[in-house]
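Enquirer: Positions in the sequence shown are counted from 1; adding 286 to them yields this note's numbering.
Glycine included, each C-beta is placed from N, C-alpha and C at the ideal position.
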Amino acid sequence: MWRQLRNVSRIIETTFLSQPITKICNTNFLRNFTALSLKTVDRNDSLMENLPSSSSLLQLQPVMMSLERGMKRVGKVKRRCKNCYFLWKDEKLLNLCTSHPRHRQVKMQKKPKNTWILMDATQSPQRAW
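#1: Is the beta carbon of Gln391 less than 7 Å from the beta carbon of Val363?
#2: Looking at the strands, I want to know which residues DSSP matches up with Trp402.
#3: Spatial neighbours of Cys383 within its chain, please: CB distance less than 8 Å, with the 5 preceding and 5 following residues excluded, ordered by chain position.
#4: Return the chain-ordered list of same chain residues with a C-beta closer than 8 Å to the C-beta of Lys378, the five sequence neighbours on each side being excluded.
#5: Going by C-alpha distance, which of Asp376, Leu380, Met351 and Leu373 is nearest Lys358?
#6: When DSSP labels each residue in this structure, what does Val363 get in the three-state scheme?
#7: With a CB to CB cut of under 8 Å and the five nearest residues on each side skipped, what residues in its chain are close to Pro387?
#8: Quick check on the burial criterion: 16 or more other C-beta atoms within 10 angstroms. Buried or exposed for Ile310?
Right under this line is the structure:
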């Protein structure tokens, strides 16, 4: 039984652990900006080989990042330029812009509990039922 387990573990190590792994790292770059970067990790490398030397710490490394800006969530949606326009989509008010993507806004939605309408209320000491 132990021999079978050792054989299975060796097969798993040779097939899966010898291949490089690509990780997607989500990095908060600045306020409200997000950058996704891909890192390839080889499991055969030791930890000391992956560490940068002291001379490479002083050098600037070129970094490729693609910044993405999502929708701003605001309480009151406003047009910011002449190309901005309003759009109702899925019961949400959106402000989209054809010339400046940074003008995109969406109105914050209230929680359903805060939108209930009180239909009937009684203040008499005797109940109707």
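Expert: Once the coordinates are examined:
#1: Contact flag set, yes.
#2: Its beta-bridge partners do not exist; DSSP assigns none.
#3: Excluding its 5 nearest sequence neighbours in each direction, Cys383 has C-beta neighbours in its own chain below 8 Å: Arg366, Cys367, Asn369, Cys370, Tyr371, His389 and Arg390, listed in chain order.
#4: Listed in chain order, the non-local C-beta contacts of Lys378 below 8 Å within the same chain comprise Val392, Lys393 and Gln395, local neighbours out to five positions each way being set aside.
#5: Leu380
#6: Taken through DSSP and simplified to helix, strand or coil, Val363 comes out as coil.
#7: Arg355
#8: For Ile310, the predicted model reports a pLDDT of 48, less than 50, meaning its position is unreliable and no value from the coordinates is stated.
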